[in-house]
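Quick notes on the structure that follows.
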């Protein structure tokens with residue numbers, strides 16, 4: 001028990017304290033507007049660095065993350081197949097795939113997957 005406590009301290013508390021102290025000691029009090037502005041090869045920037053971001057790219061990224069997580073959830077289904085009832089396994093897999101495909105159909109129907117408008 002004591003060994004576990006000391007290993008916890010060595011692996012989490014001490015590095016956390018070192019990082020906090022280093023962060024406090026390395027802070028610079030100089031607040032310069034030029035450091036925050038966009039740098040364009042030494043010339044004045046033509047436009048603002050904070051350009052509007054297309055929501056289409058963000059939406060595709062969110063859809064990718066959702067379906068990527070669902071693929072990760074599908075992978076263990078093959079391992080579970082060995083130890084479970086075939087009927088229960090096939091029904092649960094079918095329901096999961098139907099939910100996945102209905103989500104894809106909904107996104108397709110809403111036009112989220114259309115690049116050209």
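In the UniProt record's numbering, the protein residues as written are 1 to 117.
From the three backbone atoms N, C-alpha and C, an ideal C-beta is built for every residue, glycine too.
All values derive from a computational prediction rather than experimental measurement.
Judged by DSSP secondary structure, residue 27 falls outside any alpha helix (DSSP H); it is assigned neither H nor E. By the criterion of a C-beta distance shorter than 7 Å, residue 59 is surrounded in its chain by 112, once the five residues flanking it on both sides are discounted. Taken in chain order, the complete alpha helix (DSSP H) segments of 4 or more residues contained in the region 69-116 are 77-83 and 86-109. C-alpha of residue 101 to C-alpha of residue 65: approximately 15 Å in a straight line. With a cutoff of 8 Å on beta-carbon distance, residue 89 and residue 99 are scored as not near each other. Per DSSP, the continuous alpha helix (DSSP H) segment holding residue 5 begins and ends at 2-8. Residue 107 is positioned such that its CB atom lies closer than 8 Å to that of residue 63. Cβ atoms of residue 77 and residue 93 come within 8 Å of each other, at about 6 Å.
In the three-state reduction of the DSSP assignment, residue 52 falls in the coil class.
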